[in-house]
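See below for the structure under consideration.
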Amino acid sequence: MFNRFVGTAAVILALAAPAVANAQGVPGGVERGAREGERAAGPIGAVVGGTIGGVVGGVSGILGVDDRPRFRSYVVEQRRPSYTYRDEVRVGAVLPADGVTYYEVPDNFAAAREYRYTVVNGRTVLVEPRTHRIVEIID
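Numbering-wise, the sequence shown is residues -23 to -1, 1 to 116 according to mature numbering (1 follows the signal peptide of the UniProt record, and there is no 0).
And the structure:
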């Protein structure tokens, strides 16, 4: 039984890797990994694929490793003012709707187009537009 599970997990990893490699952050990675895993090996595949997808998505983030420095440079060039936030700047923190200016992400950063960005305490962050929740910190 254990050997079959390990074999199934290996097949799922091989099949789901291309899909989760393009995942946008942890939520996108979990969703895509679970979908591809279930397609490859049923319910067990969904669990394994979702776990692997979340890890891969968390490592690369929304922008991905290659786009992060380029995006950071873009924001510095724009000279956006920094909002002073009294709480810890962390993923999951919700910024206020008033007093913070949220900017559109340029088209050449397609993976993050659905988000907005701002600068908080000198740090560039990606934010969900409706909730103002920080989804990624760009350092």
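Glycine included, every Cβ here is placed at the ideal spot set by N, Cα and C.
Assuming residue i is part of the beta strand (DSSP E), what are its boundary residues?
i    : result
R100 : R100 to V104
E65  : Run containing E65: none; DSSP gives neither H nor E here.
Is the Cβ-Cβ distance between residue i and residue j less than 7 Å?
i   : j    : result
Y92 : V77  : no
R57 : V96  : yes
R45 : I111 : no
L40 : A87  : no
Distance check for residue j and residue i, CA to CA, integer angstroms please.
i    : j    : result
G69  : T101 : 14 Å
A47  : A74  : A small correction: the amino acid at residue 47 is Arg; Ala does not occupy that position in the sequence shown. When rounded, the distance between both Cα atoms is 27 Å.
G19  : H109 : 36 Å
S50  : A17  : 40 Å
Y94  : L103 : 4 Å
E54  : D84  : 16 Å
E113 : G38  : 7 Å
D43  : R63  : 31 Å
So if DSSP puts residue i in a beta bridge, which residue, or which two residues, is it bridged to?
i   : result
Y80 : Y94
V71 : R110
Y60 : V97
Let me know if residue i comes out buried or exposed under the rule of 16 or more other beta-carbons within 10 Å of its beta-carbon.
i   : result
Y80 : exposed
E65 : exposed
G99 : exposed
V82 : buried
Hey, could you find the ends of the alpha helix (DSSP H) residue i is sitting in?
i           : result
residue 136 : Lying outside -23 to 116, the shown extent of the chain, residue 136 is not represented and no answer is given.
V52         : D44 to Q55
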